[in-house]
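First to last, the protein sequences are chains E and V.
Residue 253 in the working numbering sits at position 240 of the first sequence; the count goes up by one each step and never skips.
Residue 151 in the working numbering sits at position 138 of the second sequence; the count goes up by one each step and never skips.
Note that CB positions come from ideal geometry on N, CA and C, so glycine has one too.
These figures come from a predicted structure and were not determined experimentally.
Have a look at the structure below before the remarks.
Protein chains: 2
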Amino acid sequence: MIIAYAAFEAKGELKRFEYDPDILKPDEVEINVDFCGICHGDINMLDNEWNMTQYPFVPGHEVIGTIAQIGERVRHLSIGQTVGLGWFAGYCNECVHCHSGDHNLCAGAHPTIIGRHGGFADKVRAAANSVIPIPEGTDLESAGPLLCAGITVFNPLIQFDIKPTDKVGVIGIGGLGHLALQFFKAWGCDVTAFTSSDTKKAEVLELGAHHVINSRNQAEIEAAAGKFDLIVSTVDANLNWNAYIGALRPKGRLHFVGIPKEPLDVMVFPLLAGQRSISASPNGSPINIEKMLKFASRHKIKPIIEKYRFDQINEAIERLRSGKARYRIILAK
Amino acid sequence: MIIAYAAFEAKGELKRFEYDPDILKPDEVEINVDFCGICHGDINMLDNEWNMTQYPFVPGHEVIGTIAQIGERVRHLSIGQTVGLGWFAGYCNECVHCHSGDHNLCAGAHPTIIGRHGGFADKVRAAANSVIPIPEGTDLESAGPLLCAGITVFNPLIQFDIKPTDKVGVIGIGGLGHLALQFFKAWGCDVTAFTSSDTKKAEVLELGAHHVINSRNQAEIEAAAGKFDLIVSTVDANLNWNAYIGALRPKGRLHFVGIPKEPLDVMVFPLLAGQRSISASPNGSPINIEKMLKFASRHKIKPIIEKYRFDQINEAIERLRSGKARYRIILAK
C-alpha cells in the first residue's frame, strides 16, 4: 500500500489516503519520496481549475527520493539511487516527438498528477524514462522545484540557442523567476529582472540580475527599447506586451512560460520591422532535465525554500495560496 | 537630369518629373532602368498611408536595369552590368545589424522610395551594396518583383532554417503568395496553399502547392491540426489566427510577411503546449537577395506578370488598385 495525502473534492482539505498501486509494470520504478515541492500546478489541479481533476486527488510533482523498486525491463536505474520526478511521469515513446527527444511535446505524455497519484505520499511510481538521476553535489532538500520550475525556465536557453553574450530579461520574480535569474546569470548572460516589487530589488540583484526594471513603470520599459535578445515571462498577469516587444532587439524573442489569462493583443508591425518572435514552451524533456540538474549542481543553483513536514500539508498549501512564500515550498519527511 | 514619373499630392496622378540627382557619391551607382515592378508598398506611399511621403514622390522599388555610372569607391560592380534594386537603396553600414549581415534590420536603412526618388524613371541611384547582380539565365522582364516580393517570402526559409522535409503553408495567393508557392516547392517542402478563392485552385496547384485549403473554411483548417512546421501569412486581413496556430506542429511557426490591421489576439496556451512561435520579418539582406536570385534562376522561379509601358503608369496603378492583377505588374521601357 502507498500512504498518500489526497483531496476528496475540489479545493478540499488533504487527508491521509491509502491506495494499492498494483503490480509494478516492467518499465516502471517506485520511488521512496524524501522531499516534494508544492507548485502552483498542484493548486490549479486541486481546485479543478482545468476541469480534469479526478478525486481522490494526490498532488505532488517535484519529487526527490530514492529508487525502492525497479521494473524488470529497467536497466539504467538501480535500487537506492537518488532520483527526481517532475511534471511528466511517462510518455508514449512512439511518436515523432518522443523519437526526437522532445518527450515534453508528446501528446500522449502522462502528467504525474493527472489521472494518476502524485508525490505527496511515501512512495510514487513513474515510467523509468521520466525519472532523472540526481547528480552528486545536489542539495537534495531544495532540489524538488528544479524538476518543474527549474526546467521550465532553463529549457528556453537550450531550445533557442541562447548565447552567453546575449542580453536576457525575466518578467516576474517568483517561484520560476528567482530560478531563471540564477540560471541566466550562470549561463553567462547580461540579466535584467522585471519586477513590480521594489522591495525585492536587493534580493533580485543577489540572485543574479545585473539590472532591475519596474515592470509597471512604462517609462523604464520604454527606456530599454531594442535591448533584449530574450525576455522570458513567468507571470499570468496581462501586461503591456507591445512594450516588451519594443524592448527586444531585432531577432529578439518574447517567450512565455507563464500563461496570461487574456489573449496577447500584439501588433504585427513591431514584430516585422525587427524580425522578432513570440513563443512559449512547457517544461522540458528528460535529457534536458538531466543537463539542467548537472548545470545547477556545478553552478550551485538552488531554489530558495520554505520547509514543511508532510503532515503540515494543509498549512503549506495555505502558505502557497497566500502568495507570500519566498520562493518555493518543500514538504519533507 | 533624371526623367521620372512623380505624384505631386497624396493619391495624385503620376506626371513627368525631371530632377537633377547632383554629383554621384563615391559609394553609389546609377542604374539605367529597363523594368520596374509596381508593389503595394508603392501605393501605400503614393496615398501617404504611412504619413511619411514627401511630394513630388517617385515610386518604384523593383528595378531591373544596367549600371550606367559607378562611384569612385565601387569595385564589385561595373558599367553595363545587369543589376536589381529592391526596397532598400542604402544602409548605415555601421551598426551591429549591418556588421552581422542583417542590413534589412538596420534602423538607418534607406528605403528606395522614402526620402528619395525611386525607379519609375529612366535612371535611379543607390548605394552600391544595396544593388544586386542579376545572375545569368534570369528572365529580366519579370525579375523586378523578386527584389521585393520574392525576397520577402524567401527570407523566412533562410532565417528559420526550414528543411526540405518540412511541411509548409502559405496564406493568401497573390503577389507574394504565388512566389512563396514556387520557392517552397523548389525548396523541397510539402506545400499547402490557404486561399479564399476557389477559382484559383488549379493555378495554385500548378504554381507548386501539393494541397489547397480554403482559408475561410474553419472545418478544413481544423482538419489540418498539428500538421505544419511553418505557415507564412501574406495577407493584411484579420483571420482566425488561433486556428492557424492549431494547424502548427509542435515547434511550428506562424510567420507574417503581410501586416494584419488589427492586433493578433492570440492565446498563449496553444503556443505553450506545443512550443510554437509567432514571428514576422521584413524583406531580406543583400546577401540573401543574391542567394534568392541564384536559386530562382536555377529553379526557373519567376513572377507571373502583367506588362505596361512606363507611359501607361496611371493605368497600371489603377489595375493594381483593382485587386485583379495576376499577380504582379511590370513597367517596361
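Any C-beta of chain E under 8 Å from that of residue i
i              : result
residue 209(V) : no
residue 115(V) : yes
residue 124(V) : no
residue 118(V) : yes
residue 263(V) : yes
Beta-carbon contacts of residue i that lie in its chain and below 6 Å, excluding the five residues immediately before and after
i              : result
residue 16(V)  : 31, 135
residue 224(V) : 205
residue 69(E)  : 19, 21, 30
residue 227(V) : 233
residue 188(E) : 162, 340, 341
residue 73(V)  : 49, 131, 132, 133
residue 203(E) : 180, 223
Beta-carbon proximity of residue i to residue j, cut-off 8 Å
i              : j              : result
residue 249(E) : residue 274(E) : yes
residue 312(V) : residue 199(V) : yes
residue 271(E) : residue 289(E) : no
residue 297(V) : residue 184(V) : no
residue 148(E) : residue 304(E) : no
residue 118(V) : residue 110(V) : yes
residue 84(V)  : residue 34(V)  : no
residue 81(E)  : residue 139(E) : no
residue 285(V) : residue 295(E) : yes
residue 55(V)  : residue 145(V) : no
residue 309(V) : residue 268(V) : no
residue 255(E) : residue 299(E) : no
residue 87(E)  : residue 42(E)  : yes
residue 28(V)  : residue 59(V)  : no
residue 196(V) : residue 314(V) : yes
Interface flag, residue i vs chain V, CB-CB below 8 Å
i              : result
residue 91(E)  : no
residue 110(E) : yes
residue 293(E) : yes
Residue i versus residue j: straight-line alpha-carbon distance, rounded
i              : j              : result
residue 152(V) : residue 175(E) : 42 Å
residue 99(E)  : residue 159(E) : 8 Å
residue 63(V)  : residue 122(V) : 17 Å
residue 329(E) : residue 107(V) : 56 Å
residue 326(V) : residue 154(V) : 16 Å
residue 342(V) : residue 171(V) : 27 Å
residue 61(E)  : residue 212(V) : 49 Å
residue 66(E)  : residue 168(V) : 46 Å
residue 201(V) : residue 178(V) : 7 Å
residue 157(E) : residue 142(E) : 17 Å
residue 231(E) : residue 239(E) : 15 Å
residue 26(E)  : residue 340(E) : 23 Å
residue 113(E) : residue 263(V) : 12 Å
residue 217(V) : residue 336(V) : 17 Å
residue 173(E) : residue 318(V) : 40 Å
residue 215(E) : residue 53(E)  : 25 Å
residue 13(V)  : residue 190(V) : Summary: the structure shown does not reach residue 13(V), with chain V confined to residues 14 through 346, and so no result is reported for it.
residue 209(E) : residue 252(E) : 11 Å
Close Cβ partners of residue i (< 7 Å) along its chain, the five nearest in sequence each way excluded
i              : result
residue 193(E) : 166, 183, 245, 247
residue 46(E)  : 76, 78, 132, 134, 135, 136, 137
residue 237(V) : 226, 260
residue 346(E) : 47, 323
residue 280(E) : 255
residue 51(V)  : 329, 330, 333, 342, 344
Check: residue i C-beta below 7 Å from any heavy atom of the ligand NAP
i              : result
residue 121(V) : Although the ligand NAP was asked about, the structure shown includes no ligands whatsoever.
Sequence-distant residues of its chain with Cβ nearer than 8 Å to residue i (five each side left out)
i             : result
residue 94(E) : 79, 80, 146
query = Along the region 169 to 194 of chain E, what residues have a CB closer than 8 Å to any CB found in chain V?
reply = Within the region 169 to 194 of chain E, those residues whose Cβ lies closer than 8 Å to any Cβ of chain V are, in chain order, 172.
task = Output, in sequence order along the chain, the residues in the region 270 to 294 of chain V whose CB is closer than 7 Å to any CB in chain E.
result = Sequence-ordered contacts of the region 270 to 294 of chain V with chain E read 272, 273, 276, 277, 278, 279, 280, 281, 282, 284, 285, 286, 287, 288, 289, 290, 291, 292, 293, 294 [C-beta pairs closer than 7 Å].
ask   = Taking a cut of 9 Å between CB atoms, which residues from the region 295 to 313 of chain E lie near chain V?
value = For the region 295 to 313 of chain E, which is checked against every Cβ of chain V, the residues closer than 9 Å are 295.
key: Near-chain V residues of the region 69 to 81 of chain E - C-beta to any C-beta below 7 Å   = For the region 69 to 81 of chain E, the set of positions with a beta-carbon nearer than 7 Å to some beta-carbon of chain V is empty.
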